[in-house]
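Going by full-length UniProt numbering, 227 is the number at position 227 of the sequence shown; the sequence numbering is gapless. Note that the Cβ used here is the ideal one computed from N, Cα and C, for glycine as well.
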Amino acid sequence: MNSTRIAWRNLLWAPVWFLIILSLFIGYYVLIGLNETAIPDLISLKIPFVLLMAQLMMLVYLVISTRKYGFNIFKDGWQTDKGKVSTDIIGGICTGIFISLTYIYLLSPMQKFLQLYVGDYVPAGETMASLGMNTTLFFIANVILAPFVEESLYRNFALTVFLRWYGKLNTIIITSALFGLMHWLGGFWYILLTGLLVGAPLALITIKRGNLIWAFTAHLVLNVIEFMYISHL
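Here it is, written out as structure tokens:
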């Protein structure tokens with residue numbers, strides 16, 4: 001049961017790391033006496049840095065908190081038959097392309113529509129604009145770190161632990177919902193779409209395949225395409 005507590009702590013802390021780092025920037029700007037109306041624009045410039053630092057905090061906390069259970073993020077979840085590796089990689093590439101194109105051409109316009117006509121705590125189009133402010137930091141955070149860190153937490157450690165206690169369906173629902181919540185900087189609709197479009201399919205695939213290769217490859221391809229798309233906005 002201790003491993004379950006550790007999994008929950010990691011999942012619940014994940015979105016909080018973003019809030020802590022964001023709050024530090026806001027607090028700093030307030031302390032130095034900046035005009036309140038200028039702070040939102042300055043915060044937008046720092047979003048890629050917030051993403052980078054939050055990913056690092058997630059990684060460090062995951063490694064430290066799971067060490068006594070013998071969990072190794074570089075080994076556990078990656079083992080599979082050699083004959084399955086090529087299938088997992090090709091499947092991951094196709095899945096990543098499909099998800100990214102679906103989001104860019106179908107769900108992103110839907111998200112903007114919902115933000116404009118239903119409402120959200122993030123202005124329509126603000127997420128994409130702020131992410132593209134610093135392409136180098138965004139690349140490191142979103143392409144190099146995020147696929148490995150997030151898959152290690154949501155589809156590796158947490159999923160493996162929860163399957164023992166909650167069963168397949170509940171595990172998929174819990175990890176997907178919390179995966180979506182971790183993306184709260186993008187707004188309510190972004191949380192919902194990320195959990196449903198990315199979290200749930202990758203959780204199901206990982207359970208079916210018994211390893212992370214397919215899900216990790218899909219996540220990597222998705223984030224590479226997302227980076228290319230945002231960089232050219």
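CA nearest to the CA of G210, picked from W165, D81, L19 and L11: Residue nearest to G210 within the set W165, D81, L19 and L11 is D81 (criterion: CA-CA distance).
Among T37, T171, T66 and V221, nearest to A146 - alpha-carbon criterion: It is V221.
N10, buried or exposed, once every other Cβ within 10 Å from all chains shown has been counted against 16: Its Cβ being crowded by 16 or more others within 10 Å, N10 is buried.
Local conformation of H219 per DSSP, three classes: Helix, per DSSP.
As assigned by DSSP and simplified to three states, the class of I73: Here I73 sits in coil by DSSP.
Among I21, Q111, V60 and F71, the one whose alpha carbon lies nearest that of I47: With distances taken between Cα atoms, I47 lies closest to I21.
Distance CB(L42)-CB(Y29) smaller than 8 Å: Cβ distance < 8 Å, so L42 and Y29 count as in contact.
Spatial neighbours of A218 in its chain, beta-carbon cut-off 6 Å, leaving aside the 5 residues before and after: Result list for A218: G92, T95 and G96, in chain order.
Short Cβ contact (8 Å threshold) for Q111 with Y229: Cβ atoms of Q111 and Y229: not closer than 8 Å.
At least three beta-carbon pairs within less than 8 Å, the segment 98 to 109 to the segment 161 to 174: No: fewer than three Cβ pairs fall under 8 Å.
Residue span of the alpha helix (DSSP H) that contains V63, given as start and end: Judged by DSSP secondary structure, V63 falls within the alpha helix (DSSP H) whose first and last residues are I39 to T66.
Runs of alpha helix (DSSP H) lying entirely within the segment 133 to 169, each at least 4 residues, in chain order: Counting whole runs of 4 or more residues, the segment 133 to 169 contains the alpha helix (DSSP H) stretches 135 to 139 and 146 to 150.
Secondary structure of L114, DSSP reduced to three states: Residue state, collapsed to three classes: helix.
Contacting residues, own chain, Cβ-Cβ under 7 Å from Q55 (five flanking each side not counted): The residues are A141, L145, A146 and V149.
C-alpha distance - R155 paired with H232, whole-angstrom precision: Cα to Cα, R155 sits roughly 30 Å from H232.
Range of the contiguous alpha helix (DSSP H) that encloses G96: Residues K82 to T102.
Best match in V122, L192 and S152 for proximity to V63 [C-alpha to C-alpha]: The residue with the shortest Cα to Cα distance from V63 is S152.
Three-state secondary structure assigned by DSSP to N2: Shown here, N2 sits in a helix according to DSSP, grouped into three states.
Enclosing alpha helix (DSSP H) for L202 [first to last residue]: Secondary structure note for L202: its alpha helix (DSSP H) is the uninterrupted segment A200 to R209.
Backbone CA spacing between S108 and L137 [nearest angstrom]: Take the alpha-carbon of S108 and the one of L137: they are about 23 Å apart.
Buried/exposed call for A187, threshold 16 Cβ in 10 Å: Note that residue 187 is Gly in the sequence shown here, rather than Ala. Counting Cβ neighbours within 10 Å, G187 comes out buried, since at least 16 surround it.
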